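**Student:** As given, the protein sequences belong to chains A and B, one line each in that order. Residue 85 in the working numbering sits at position 85 of the first sequence, with consecutive numbering throughout. Residue 1147 in the working numbering sits at position 147 of the second sequence, with consecutive numbering throughout. Have a look at this one.
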Amino acid sequence: MIEIKNLTVTVNNKKILDKLNLTVGNGEIHAIMGPNGSGKSTLGQVIAGKDGYEVASGSIKLEGKNLLSLTPEERSLAGIFLGFQYPIEIPGVNNAYLLKAALNAQRVSRNEKEIDAFDFMTLIKDKMKLMQIPETFLSRSVNEGFSGGEKKRNEILQMLILQPKLCILDETDSGLDVDALKVVSSGIKSISNNKRSIILITHYERLLKLVEPDFVHVLSDGKIVKSGNKDLAHELDAKGYDWVK
Amino acid sequence: MANNKVIENIVENKYKHGFVTDIEQEQFDPGLDEDVIIRISKRKGEPEFLKNWRLKAFSQWRNMKEPSWQHLKYHPINYQDISYFAAPKNQKDAPKSLDEVDPKLLETYDKLGIPLHERARLAGVAVDAVFDSVSVATTFKEKLSEAGVIFCPFSDAVKKYPEKIEQYLGSVVPQRDNFFAALNSAVFSDGSFVYIPKGVRCPMELSTYFRINANNTGQFERTLIIADEDSHVSYLEGCTAPMRDENQLHAAVVELVALDNAEIKYSTVQNWYPGDENGIGGIYNFVTKRGDCRGKNSKISWTQVETGSAITWKYPSCVLRGENSIGEFYSVALTNNYQQADTGTKMIHIGKNTSSTIISKGISAGFGENSYRGLVKVLPTANNARNYTQCDSLLLGNKCSANTFPYIEAKNNSSKIEHEASTSKISEDQLFYCRQRGLSEEDSVNLIVNGFCKDVFKKLPMEFAVEAQNLLNVSLEGAIG
Ligand SMILES: Nc1ncnc2c1ncn2[C@@H]1O[C@H](COP(=O)(O)OP(=O)(O)OP(=O)(O)O)[C@@H](O)[C@H]1O
Ligand SMILES: [Mg+2]
């Protein structure tokens, strides 16, 4: 699905990612763990095409296609979804409106017809039920006044609607209560299949018990310093990061 | 909405047939003196009082100076270079078909979603309207007259209801209120007159679309709206589509009078020619709009979306005279390229328990300059006056600017005045969020800007709100990237 080679990224001449390599196959679930400030979010943002990062060297390919020359929206339309660690508030912009506009942008890029209002409502109400988001959230402004957990569930809702090929979820499990964690993980599992790939950026094993990863990587100082299976997550939970750094 | 414009066209043609034309020239030579004013008044067949009123305004204007306090730059206007009277346009000069119309204008109509058959009329094409919609216009007129509502061109009102004109004209905006108001009082061309009788709730939104003879209201428009006791009216001015217009200077005056328990809601969408990307051309829009809450419990509410004109100088205001009266001002002003806007409001609290709300959203892009200027004045008589002002500016790019000039004069200790202001750049993180979900950069900007304006848009009548959003999107084109 995605192949990252020798990726070095700087911000204001400060190196944040250092010759990073990562390959995620179709249908695989990878977890990326690592200390605060190690570069996990940066990796997600760079894959999604955020401005302000200098890609000094390396390549990112999605299904063999060079991503680095594409705009953020082109990457989105190519199938990349980033669930943000801190979803931003957009005052005055209706939550449902953004979602519908986004879905239609995706459909149009696939030469499909725009979804009609009725089908959209049916679709979104169904997914909202799954994410246990009350329908009143449809008419609220995007993320405005949402609690931390509500923002995270809303990110998953967007993912369920957009049905991306590669889902990068940046600490979507942080700040969730026990029940919300179950809801979020069942949302993730509901779209996981043998074609769709998922990257879970997380600090906690508890998510990985609910959504079992095929691989676990430790990112430290901009490099992947260790990779393993789900047992690695368990070990990290018990021992911390010092021993892998 | 669409057909109504066509209807108006038909009705207007009829009106022209009834127009008594003397064989004087179509347009006066440029220049302004007493003789010109006397001739204007004569050509319009006005009563003596109005001619004298104009002359008085003219003599005052001659002793006034063009204001220079506003945050605007423009070349001096030579008032002797302007022609102050033009008879209704001869259809001979009009483009014969849409093929003769500026393609850029047509492109804009397309983006605004203006129906095909309507574009011709807006572009000033000589259309022989073929729609069987005269009956709709008639129904409209019948409905209004059943309710006793008067809605007609100002010049018709002068002939039919001279006593009302004499009573109210200039009673809200005195002739010497300001330079442009004085000029307008001397030379005004035409406009709307509305009277809502006691206890009547106007059965429909009054739109200038419906105003018979909407073309050629000219550059010195004059509008007077009177809501008698316990009445209610919502008036829509303007049109989201740019109109063909050769006049550079526009100096309109709008006066509103609300008597006891009356309510007037006045909505404007202004999209006149803003000039090109380099700031060449464009309309100078110097308007005086004021509402007088004369009666107790009366309410006047201004909502404006200003995206056009090279220069906008406009402060729709409320004089809160009646006890418990309410004034509101909701504004979106956008400046792109080299547009300049100096706009805001004045809320003058005179009566007890009067309250006012001001929500202003300024958006600057390109090299645009956008200033909010607002005055909240509480007189000693206005016990328990309340004002809430919120004034937000959004900057797109870093060559544009936004200024806020709030003036507060409180002369009564019991008043409560709140003011909030913010200036922000369009957020990179918000843009990235939208683009990450698949929206183009342009769509993302539009979405965020529309969200920024939401509090004002929701005050617009429904069908206007949608048009206003489209309009904002069109006006923002090229603002980023
Ligand atoms: N725009 C920026 N300007 C300056 N420094 C930045 C910028 N973006 C990221 N950094 C720095 O890069 C490093 C990696 O940040 P990043 O957000 O990727 O860490 P993280 O692994 O996601 O951490 P956490 O677990 O706390 O979320 C940090 O030291 C951060 O301060
Ligand atoms: Mg992070």
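We treat Cβ as the ideally placed atom computed from N, Cα and C, and that holds for glycine. On a predicted model such as this, the values are computed, not experimentally measured, just so you know.
Compare the C-beta of residue 1021 of chain B against all C-beta atoms of chain A and say whether one is closer than 7 Å.
**Tutor:** Per-residue confidence for residue 1021 of chain B stands at a pLDDT of 30, beneath the threshold of 50, marking its modelled position as unreliable; no derived number is given.
**Student:** Can we count residue 41 of chain A as close to ligand 1, meaning its CB is less than 6 Å from some heavy atom?
**Tutor:** Residue 41 of chain A: yes, Cβ under 6 Å from ligand 1.
**Student:** Which of the three DSSP states, helix, strand or coil, is assigned to residue 1059 of chain B?
**Tutor:** Residue 1059 of chain B: helix per DSSP, three-state reduction.
**Student:** Please name the residue, chosen from B:1187, B:1460, B:1325, that lies closest to residue 1305 of chain B on a Cα-to-Cα basis.
**Tutor:** Checking every option, the nearest Cα to that of residue 1305 of chain B belongs to B:1460.
**Student:** Is residue 1437 of chain B close to chain A, meaning its C-beta is less than 7 Å from at least one C-beta of that chain?
**Tutor:** Chain A, which has a Cβ nearer than 7 Å to the Cβ of residue 1437 of chain B, makes this yes.
**Student:** Shorter than 6 Å, the distance from the beta carbon of residue 32 of chain A to the closest heavy atom of ligand 1, or not?
**Tutor:** No; taking the cut-off as 6 Å, the Cβ of residue 32 of chain A has no heavy atom of ligand 1 nearer than that.
**Student:** Quick one: which chain B residues come within Cβ less than 9 Å of residue 76 of chain A?
**Tutor:** Here the neighbours are 1435, 1436, 1437, 1438, 1439.
**Student:** With 7 Å as the threshold, decide whether the Cβ of residue 191 of chain A is near any Cβ in chain B.
**Tutor:** With 7 Å as the cut-off, residue 191 of chain A does not count as an interface residue toward chain B.
**Student:** Does any C-beta atom of chain B lie closer than 7 Å to the C-beta of residue 73 of chain A?
**Tutor:** Cβ-Cβ to chain B under 7 Å: yes for residue 73 of chain A.
**Student:** State the start and end residues of the unbroken beta strand (DSSP E) segment that holds residue 1254 of chain B.
**Tutor:** Residue 1254 of chain B -> beta strand (DSSP E) spans 1253-1258.
**Student:** Would you verify that the beta carbon of residue 1432 of chain B is, or is not, closer than 7 Å to some beta carbon of chain A?
**Tutor:** Judged by the 7 Å Cβ criterion, residue 1432 of chain B is in contact with chain A.
**Student:** Indicate whether residue 49 of chain A and residue 172 of chain A have their beta-carbon atoms separated by less than 7 Å.
**Tutor:** Their beta carbons are not under 7 Å apart, which means residue 49 of chain A does not touch residue 172 of chain A by this criterion.
**Student:** Can you have a look at residue 131 of chain A and say buried or exposed, based on whether 16 or more other CB atoms are within 10 angstroms of its CB?
**Tutor:** Buried, by the Cβ-count rule.
**Student:** Quick one, which of A:145, A:200, A:181 has its alpha-carbon nearest residue 87 of chain A's?
**Tutor:** Checked all of A:145, A:200, A:181; the closest Cα to residue 87 of chain A is A:145.
**Student:** Would you please verify whether the beta carbon of residue 1454 of chain B is less than 7 Å from any beta carbon of chain E?
**Tutor:** Protein chains A and B are contained in the structure displayed, whereas chain E is not.
**Student:** Quick one: is residue 197 of chain A buried, meaning 16 or more other Cβ sit within 10 Å of its Cβ, or exposed?
**Tutor:** By the neighbour-count rule (16 or more Cβ atoms within 10 Å), residue 197 of chain A is buried.
**Student:** Can a CB atom of chain A be found closer than 7 Å to the CB of residue 1447 of chain B?
**Tutor:** It does: the Cβ of residue 1447 of chain B has a partner Cβ on chain A nearer than 7 Å.
**Student:** Mind checking whether the beta-carbon of residue 45 of chain A lies closer than 6 Å to any heavy atom of ligand 2?
**Tutor:** No, ligand 2 has no heavy atom inside 6 Å of this Cβ.
**Student:** Does the distance from the C-beta atom of residue 156 of chain A to that of residue 187 of chain A stay below 7 Å?
**Tutor:** It is a contact, given that the beta carbons lie within the stated cut-off.
**Student:** Buried or exposed for residue 37 of chain A, please, with buried defined as at least 16 other CB atoms from any protein chain shown within 10 angstroms of its CB.
**Tutor:** Burial call: exposed.
**Student:** Would you kindly work out how many angstroms separate the C-alpha atoms of residue 245 of chain A and residue 221 of chain A, rounded to a whole number?
**Tutor:** If you take the alpha carbons of residue 245 of chain A and residue 221 of chain A, they lie about 8 Å apart.
**Student:** Keeping to the same chain, check which residues put their C-beta closer than 7 Å to that of residue 231 of chain A; ignore five residues upstream and five downstream.
**Tutor:** Correct list: empty, nothing qualifies.
**Student:** Pick out whichever of B:1039, B:1077, B:1082 has its Cα sitting closest to the Cα of residue 1031 of chain B.
**Tutor:** Ranking the options by Cα distance to residue 1031 of chain B, first place goes to B:1082.
**Student:** Look at the alpha carbon of residue 1358 of chain B and the alpha carbon of residue 1390 of chain B, and state the distance between them as a whole number of angstroms.
**Tutor:** Using only the alpha carbons, I get a separation of about 6 Å.
**Student:** For residue 93 of chain A, decide whether its Cβ has a neighbour in chain B, counting only Cβ atoms nearer than 7 Å.
**Tutor:** With 7 Å as the cut-off, residue 93 of chain A counts as an interface residue toward chain B.
**Student:** Please list the partners that residue 238 of chain A has in chain B, where partner means a Cβ-to-Cβ separation under 8 Å.
**Tutor:** The premise fails here: residue 238 of chain A is roughly 35 Å from chain B at the closest Cβ pair, so nothing lies under 8 Å.
**Student:** Using DSSP with H/G/I as helix, E/B as strand and the rest coil, what is residue 1437 of chain B?
**Tutor:** Three-state result, residue 1437 of chain B: coil.
**Student:** With DSSP as the reference, label residue 1280 of chain B as helix, strand or coil.
**Tutor:** Coil.
**Student:** Residues of chain B with a CB under 8 Å from the CB of residue 105 of chain A: which are they?
**Tutor:** Simply 1437, 1438, 1439, 1440, 1443.
**Student:** Whose C-beta lies closer than 6 Å to the C-beta of residue 1425 of chain B among residues of the same chain, with five residues either side of it excluded?
**Tutor:** These residues qualify, in order along the chain: 1395.
**Student:** Is the beta carbon of residue 1403 of chain B less than 7 Å from the beta carbon of residue 1371 of chain B?
**Tutor:** The answer is yes: Cβ separation under 7 Å.
**Student:** If you follow the alpha helix (DSSP H) that residue 1166 of chain B is part of, which residue opens it and which one closes it?
**Tutor:** Residues 1162-1168.
**Student:** Buried or exposed for residue 1482 of chain B, going by 16 or more other Cβ atoms inside 10 Å?
**Tutor:** Beyond the ends of chain B as shown, which are 1001 and 1481, falls residue 1482 of chain B; an answer cannot be given.
**Student:** Going by other Cβ atoms of all chains shown within 10 Å of its Cβ, with 16 needed for buried, is residue 238 of chain A buried or exposed?
**Tutor:** With fewer than 16 other Cβ atoms within 10 Å, it is exposed.
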